[in-house]
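First up is the structure itself, then whatever we jot down about it.
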Amino acid sequence: MADENVAVQLNDGGRIRLSGKDIKNEKDDAVVLVNMNRLYLKQVRIIQKKYTSDKEREEAEKVLHVINTTLRKIPDERQMFVDMSVKDVKFCFHNELVNLPANSFRKINMCKMQEANG
Numbered sequence: 006m007a008d009e010n011v012a013v014q015l016n017d018g019g020r021i022r023l024s025g026k027d028i029k030n031e032k033d034d035a036v037v038l039v040n041m042n043r044l045y046l047k048q049v050r051i052i053q054k055k056y057t058s059d060k061e062r063e064e065a066e067k068v069l070h071v072i073n074t075t076l077r078k079i080p081d082e083r084q085m086f087v088d089m090s091v092k093d094v095k096f097c098f099h100n101e102l103v104n105l106p107a108n109s110f111r112k113i114n115m116c117k118m119q120e121a122n123g
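The sequence shown runs 6 to 123 under my numbering.
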């Protein structure tokens, strides 16, 4: 059984699964794939939450803006993952990162992307 804090190799086009701990250790300018269901769930939780301070509400609005901007990049509604900067992932999921399910994040194999882009 693989340690859940270690990236696990997958046979799906050169991507690897990333744990929340892996994301915390990634450079902010890196780009990862994020499971869209995580983004939709985060949206709903932010919208439903009762905020006790203006500062909390403003922070939540900033997170919603990042999520909405990311979701607008989706070319196909059937797509399961969307690319997002690690900086934005950390901003949106900061306290939850280590507790998110194993299928939340994937690393993009840059060699495969370069081949595809010619």
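Cβ atoms here follow ideal geometry from the backbone N, Cα and C, with glycine treated the same way. On a predicted model such as this, the values are computed, not experimentally measured, just so you know.
Beta-carbon proximity of residue i to residue j, cut-off 8 Å
| i | j | result |
| --- | --- | --- |
| residue 92 | residue 27 | no |
| residue 72 | residue 47 | yes |
| residue 25 | residue 100 | no |
Residue environment, residue i, which counts as buried when at least 16 other CB atoms sit within 10 Å
| i | result |
| --- | --- |
| residue 52 | exposed |
| residue 89 | buried |
Residues of its chain near residue i, where Cβ-Cβ distance is below 8 Å and the 5 sequence neighbours each way are ignored
| i | result |
| --- | --- |
| residue 87 | 38, 39, 41, 44, 75, 76, 78, 79 |
Member of the options whose CA lies at the smallest distance from the CA of residue i
| i | options | result |
| --- | --- | --- |
| residue 68 | 24, 112, 49 | 49 |
| residue 96 | 64, 82, 81 | 64 |
Close-in-space but distant-in-sequence residues of the same chain around residue i (CB under 7 Å, 5 per side omitted)
| i | result |
| --- | --- |
| residue 23 | 12, 37, 110, 111, 112 |
Cutoff 6 Å; reference residue i; Cβ partners in own chain excluding five residues on either side
| i | result |
| --- | --- |
| residue 35 | 91 |
| residue 31 | 91 |
heavy atom of the ligand ADP below 7 Å from residue i C-beta
| i | result |
| --- | --- |
| residue 50 | Judged by which ligands are present, the structure shown has none, so any question about the ligand ADP falls away. |
- Query: Counting Cβ pairs, one atom from each stretch, are 3 or more of them under 8 Å apart for the region 98-112 and the region 36-44?
  - Reply: Yes: at least three Cβ pairs fall under 8 Å.
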